[in-house]
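Q: Let me give you the structure first, and then I'll get to my questions.
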Amino acid sequence: MTDTAPALRARGAEPDEAAAVDESAGRGGLWVDGWAQLRRRPLFWIASTLILVLLVMALWPSLFTSVDPRVADLALSGADPSPDAVLGRDLQGRDIYARAIHGAAPTLTVGLLASLGTVLVGAMAGLVAGYRGSWVDGLVSRVGEVFAGLPFILGGIVILTTFNQPGRIVGEVRIVTQVVLTIVVLSWPLAMRIMRAAALEISQQDYVKAARALGAGPLRIVGRHILPNTLAPVLVFATIQFGVFIGAEAALSFLGIGLRDPVVSWGVMISEAQERVADIPQALFFPAAFLVVAVLAFVMLGDAVRDAFDPRGR
Amino acid sequence: MREPVLSVRDLVKHFPVTRGVLFRRTIGHVRAVDGVSLDLAPGETLGVVGESGCGKSTLAQVLMRLIPPTSGTAQFEGEDLFAKRGAALKAWRRDMQIVLQDPYTSLNPRRTVGDIVGEPFDIHPEVAPKGDRRRRVQELLEVVGLNPEHIRRYPHQFSGGQRQRIGIARALALRPKVIVCDEPVSALDVSIQAQVLNLLSDLQREFGLAYLFIAHDLGVVRHLCDRVAVMYLGSIVETGTAEEIYARASHPYTQALLSSVPVPDPTVRRARIRLEGDVPSPADPPSGCRFRTRCPKAQEVCAEQPPALGLRPGTGHATDHPTACHFAEPPRLVRAE
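Protein chains in written order, with the UniProt record's numbering: chain A, 1 to 314; chain B, 1 to 337.
Structure representation (structure tokens):
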């Protein structure tokens with residue numbers, strides 16, 4: 001040590017900078033703080049109330065209506081809203097309100113399971129590809145490109161007609177599973193790419209280097225450092241995809257290869273209504289309104305959650 | 001010199017340059033570190049100085065075992081550093097730690113300060129019993145001049161200087177013998193630089209640390225370093241005690257670097273050595289002496305023979321400390337004092 005330049009003493013310095021920090025934040029861990037932040041957001045409460053209502057609707061439709069959504073009375077085809085059927089009747093004379101209530105379960109099931117499946121498969125693949133790099137990355141990326149290269153509708157037609165002859169009546173569980181798996185198989189590369197890009201970026205961060213220098217194993221590095229910092233984009237992606245997947249389900253239904261009668265879903269209702277929009281607008285409008293509200297609720301929730309668990313945004 | 005704690009010989013790190021998507025061909029090598037030898041004694045500070053892109057940070061990462069070396073050896077307390085695997089490697093990590101350059105990316109934004117400074121104890125649970133960790137973390141925060149009450153805050157709630165202190169506390173947690181400081185103050189304001197440098201030198205005295213201090217500016221390391229090694233394009237061009245380098249620099253590159261250190265006195269006029277052009281690409285370094293393309297003294301011999309790092313006794317270009325220049329001589333012009 002030649003000289004220690006005693007002009008400025010180090011310890012206890014920088015009081016002016018410390019003062020700028022607000023005292024309210026940072027009492028608990030990430031999740032505690034995130035929850036505290038979330039509780040103060042009206043958007044979060046609106047979105048979760050809507051989602052709660054939708055979930056109750058999906059689980060116990062009889063709480064909302066006692067009308068059988070499958071009972072058709074052709075004499076009442078296209079009837080306007082009335083006390084008898086509050087939202088009117090569709091082409092086949094079925095109660096639109098009852099059908100919309102009963103349509104919640106299959107619609108939400110497909111949307112949720114497809115988002116969940118896509119994110120789980122895609123994020124796992126992207127995490128491994130981005131973190132391991134080298135040939136693993138090459139392999140996962142190329143396989144992903146093959147699946148992403150398939151046009152969605154063409155891929156859906158090929159997969160679903162292979163398993164079901166067109167026009168055949170199939171059970172609800174079976175067709176929902178098939179539609180979900182079809183969507184996951186054709187969409188996971190999107191989540192994989194988002195996760196891979198995020199993992200690649202985070203792997204290069206200095207705090208990952210510091211953790212490796214401390215001797216942290218791959219599990220700790222991925223679990224504590226990479227995953228928490230890459231989750232936000234994937235969560236946002238999942239909420240957006242929730243709506244896209246409901247739309248995809250409707251598209252497959254429209255083509256006669258997705259959900260179909262006797263299953264009731266908003267997508268099925270919309271595709272059925274498309275032929276006679278001018279005559280029976282309520283048959284298109286009301287299921288579409290339910291769809292929009294559901295998608296919006298999930299997007300708002302995703303937005304609020306992302307804001308709460310990203311400390312940089314605070 | 002005492003028995004060195006860290007001893008590096010002919011360390012080389014080449015990065016392959018590849019082309020092609022499916023079948024990668026190697027079309028060349030970036031010679032980031034090209035034959036570096038150095039010794040670090042316990043409790044001393046060795047400054048490694050050079051321009052951006054001269055391989056300083058690569059050197060640090062190779063020595064931290066973050067990337068594998070191409071060739072060369074390093075011994076830590078007499079044991080082969082690059083042969084360590086598994087438990088031995090993990091145990092060695094307790095003895096050597098790193099403080100990184102950018103305080104804004106070196107701390108995980110989603111973990112509290114307590115998590116960050118306590119992570120070394122999670123990874124090496126044998127160092128501190130579980131119930132003791134919180135106290136140890138608070139102690140560390142106090143040692144680096146932070147408020148121990150701030151244990152639950154997130155990195156973004158701190159300033160750059162405070163964040164760098166958190167990074168130092170993390171490196172200090174396992175009581176290492178050597179800390180590699182990879183430009184720890186380059187990203188900070190000048191006034192904060194002085195505080196962090198003072199903290200580092202206080203800690204050195206308190207804990208008997210040895211520093212490998214990397215910087216791109218000779219001015220910064222002047223008060224901290226016992227010895228200095230100047231790097232250019234992957235190699236050390238001059239090395240000596242701080243006194244030898246600052247007062248009697250004999251390599252034209254060191255002289256140029258010294259002349260670029262600002263003097264805090266507007267009345268002083270001094271000759272400045274201006275270097276023309278950029279650092280040549282390390283993928284295609286010049287023949288002979290690597291500095292010759294920018295050297296004011298370059299002659300034909302410089303293109304033919306790479307000068308060895310040595311004292312060159314009896315040639316008219318003898319120096320009292322190792323220099324890699326055929327025409328080494330004490331500064332003729334005005335010293336950069």
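Using N, Cα and C, we set each Cβ at its ideal position, and we do this for glycine too. Keep in mind the model is a prediction, meaning the values are calculated, not measured.
1) Taking all protein chains shown into account, decide if residue 52 of chain A is buried (16 or more other Cβ within 10 angstroms of its Cβ) or exposed.
2) Give the DSSP-derived three-state secondary structure of residue 91 of chain B in the structure shown.
3) Output, in chain order, the set of chain B residues within a Cβ distance shorter than 7 angstroms of residue 225 of chain A.
4) Which parts of the stretch 41-84 of chain A are runs of the alpha helix (DSSP H), unbroken and 4 residues or longer, counting only runs that do not cross its ends?
5) Going by C-alpha to C-alpha distance, which of A/74, A/209 and A/43 sits closest to residue 57 of chain B?
6) Which term fits residue 62 of chain A, buried or exposed, when burial requires 16 or more other beta carbons within 10 angstroms of its beta carbon?
7) Excluding the 5 residues preceding and the 5 following residue 2 of chain A in the sequence, name in chain order all residues of the same chain whose CB lies nearer than 7 angstroms to its CB.
8) Rounding to the nearest angstrom, what Cα-Cα distance links residue 126 of chain B and residue 143 of chain B in this structure?
9) Run down chain A in chain order and give the residues with a C-beta less than 9 angstroms from the C-beta of residue 119 of chain B.
10) Do you know whose CA, among B/304, B/212 and B/254, lies nearest residue 41 of chain B's CA?
11) Using the DSSP secondary-structure output, state which residues sit across from residue 255 of chain B in a beta bridge.
12) Output the boundary residues of the beta strand (DSSP E) element that contains residue 181 of chain B.
13) Where do the N-terminal and C-terminal ends of the beta strand (DSSP E) with residue 215 of chain B fall, by residue?
14) To the nearest angstrom, report how far apart residue 301 of chain B and residue 292 of chain B are at their CA atoms.
15) Can you find a C-beta in chain B that's less than 8 angstroms from the C-beta of residue 205 of chain A?
16) Where DSSP assigns a beta bridge to residue 238 of chain B, which residues make up the other side?
17) So which residues of chain B does residue 287 of chain A contact, with C-beta pairs closer than 9 angstroms?
18) In this structure, how does DSSP classify residue 59 of chain B when only helix, strand and coil are distinguished?
19) Using alpha carbons as the reference points, say which of A/214, A/148 and A/81 lies closest to residue 87 of chain B.
20) Would DSSP call residue 134 of chain B helix, strand or coil?
21) Compare the C-beta of residue 90 of chain B with all C-beta atoms of chain A and state if any pair is closer than 8 angstroms.
22) What separation, rounded to the nearest whole angstrom, lies between the Cα atoms of residue 229 of chain B and residue 325 of chain B?
23) Leaving out the 5 sequence neighbours to the left and right, which residues in its chain are closer than 6 angstroms to residue 208 of chain B when beta-carbon positions are compared?
24) Among A/152, A/222 and A/196, which residue has its Cα nearest to the Cα of residue 207 of chain A?
25) Contact between the stretch 273-292 of chain B and the stretch 231-238 of chain B: three or more CB pairs below 8 angstroms?
26) What's the gap between the Cα of residue 106 of chain A and the Cα of residue 176 of chain A?
27) Let's see if you can read the secondary structure: which residues bound the alpha helix (DSSP H) around residue 196 of chain B?
28) Would you mind working out which of B/67, B/162 and B/46 sits nearest residue 212 of chain A, comparing C-alpha positions?
29) Quick one: does residue 228 of chain A have its CB under 8 angstroms from some CB of chain B?
30) In three-state terms, what does DSSP make of residue 254 of chain A?
31) Closest Cβ-Cβ distance between residue 100 of chain B and chain A: below 8 angstroms?
32) Spell out whether any CB of chain B is found under 8 angstroms from the CB atom of residue 24 of chain A.
33) Pairing CB atoms from the stretch 236-243 of chain A with CB atoms from the stretch 143-153 of chain A, are three or more of them under 8 angstroms?
34) Using a Cβ-Cβ cutoff of less than 8 angstroms, which residues in the same chain neighbour residue 101 of chain B once the five nearest sequence positions on both sides are dropped?
35) Which one of B/206, B/203, B/210 and B/246 has the shortest CA to CA distance from residue 220 of chain B?
36) Is it buried or exposed for residue 165 of chain B, if we count other Cβ within 10 angstroms and need 16 for buried?
A: Walking through what the data contain:
1) For this step, residue 52 of chain A is matched to residue 52 along the first sequence. Classification for residue 52 of chain A: exposed.
2) For the purposes of this step, residue 91 of chain B is identified with residue 91 of the second sequence, where counting begins at 1. Helix at residue 91 of chain B.
3) Taking the first residue of the first sequence as 1, we reach residue 225 of chain A at position 225. By Cβ distance, chain B contributes 108.
4) 42-59
5) Here residue 57 of chain B refers to the residue found at position 57 when the second sequence is read from its first residue. It is A/209.
6) Locating residue 62 of chain A in the first sequence gives position 62, counting from the first residue. Its Cβ having fewer than 16 others within 10 Å, residue 62 of chain A is exposed.
7) Here the question's residue 2 of chain A lines up with position 2 in the first sequence. Here residue 2 of chain A scores only 38 on pLDDT, less than 50, and its place in the model should not be relied on; the value that follows carries that caveat. Excluding positions up to five away in sequence, the list is empty.
8) Counting from one through the second sequence, the residue named residue 126 of chain B turns up at place 126. Counting from one through the second sequence, the residue named residue 143 of chain B turns up at place 143. So the two alpha carbons sit approximately 22 angstroms from each other.
9) Here residue 119 of chain B corresponds to residue number 119 of the second sequence, with the count starting at 1. Here the neighbours are 210, 211, 214, 216, 220 and 224.
10) Here the question's residue 41 of chain B lines up with position 41 in the second sequence. If we check each option's Cα against that of residue 41 of chain B, B/212 comes out closest.
11) Translated into the one-based positions of the second sequence, residue 255 of chain B becomes position 255. None; residue 255 of chain B has no bridge partner.
12) The residue given as residue 181 of chain B occupies position 181 in the second sequence. Taken as a continuous stretch (DSSP letters only), the beta strand (DSSP E) holding residue 181 of chain B covers 178-182.
13) The residue labelled residue 215 of chain B in the question sits at position 215 within the second sequence. It spans 210-215 - the beta strand (DSSP E) in which residue 215 of chain B sits, taken as one unbroken run.
14) To locate residue 301 of chain B, count along the second sequence from 1; it is residue 301. To locate residue 292 of chain B, count along the second sequence from 1; it is residue 292. Each residue's alpha carbon lies about 10 angstroms from the other.
15) One-based indexing of the first sequence puts residue 205 of chain A at position 205. Judged by the 8 angstroms Cβ criterion, residue 205 of chain A is in contact with chain B.
16) Locating residue 238 of chain B in the second sequence gives position 238, counting from the first residue. Per DSSP, B/230 and B/323.
17) Within the first sequence, residue 287 of chain A is the residue found at index 287, counting from 1. Neighbours of residue 287 of chain A on chain B: none; closest Cβ ~40 angstroms, over 9 angstroms.
18) Numbered from 1 along the second sequence, position 59 holds the residue referred to as residue 59 of chain B. In the structure shown, residue 59 of chain B sits in a helix (DSSP, three-state: H, G or I).
19) Your numbering for residue 87 of chain B matches position 87 in the second sequence. Out of A/214, A/148 and A/81, A/214 has the C-alpha closest to the C-alpha of residue 87 of chain B.
20) Taking the second sequence and counting its residues from 1, the one referred to as residue 134 of chain B is at position 134. Residue 134 of chain B falls in the helix class under three-state DSSP.
21) Along the second sequence, read from residue 1 onward, the residue named residue 90 of chain B stands at position 90. Cβ-Cβ to chain A under 8 angstroms: yes for residue 90 of chain B.
22) Counted from its first residue, the second sequence places residue 229 of chain B at position 229. Counted from its first residue, the second sequence places residue 325 of chain B at position 325. Each residue's Cα considered, the two are about 14 angstroms apart.
23) Against the second sequence, residue 208 of chain B aligns to sequence position 208. Cβ within range, chain order: 43.
24) Within the first sequence, residue 207 of chain A is the residue found at index 207, counting from 1. Among A/152, A/222 and A/196, the Cα nearest to that of residue 207 of chain A belongs to A/222.
25) yes
26) Here residue 106 of chain A refers to the residue found at position 106 of the first sequence. Here residue 176 of chain A refers to the residue found at position 176 of the first sequence. Straight-line Cα distance between these residues: approximately 7 angstroms.
27) Residue numbering aside, residue 196 of chain B sits at position 196 when the second sequence is read from its first letter. 190-207 is the span of the alpha helix (DSSP H), which, as asked, contains residue 196 of chain B.
28) Position 212 of the first sequence holds residue 212 of chain A. It is B/67.
29) Counted from its first residue, the first sequence places residue 228 of chain A at position 228. Yes, contact with chain B.
30) Here residue 254 of chain A refers to the residue found at position 254 of the first sequence. Helix, per DSSP.
31) As a working note, residue 100 of chain B is residue 100 in the second sequence. Yes, contact with chain A.
32) For this step, residue 24 of chain A is matched to residue 24 along the first sequence. The predicted model places residue 24 of chain A with a pLDDT of 39, which falls under 50 and marks its position as unreliable; any figure quoted below should be read in that light. By this cut-off, residue 24 of chain A is not an interface position.
33) no
34) Start at 1 with the first residue of the second sequence, and residue 101 of chain B comes out as number 101. Closer than 8 angstroms at Cβ, skipping near neighbours: 57, 182, 183, 184, 186 and 187.
35) The residue given as residue 220 of chain B occupies position 220 in the second sequence. That would be B/246, whose Cα lies nearest to the Cα of residue 220 of chain B.
36) The residue labelled residue 165 of chain B in the question sits at position 165 within the second sequence. Result: buried.
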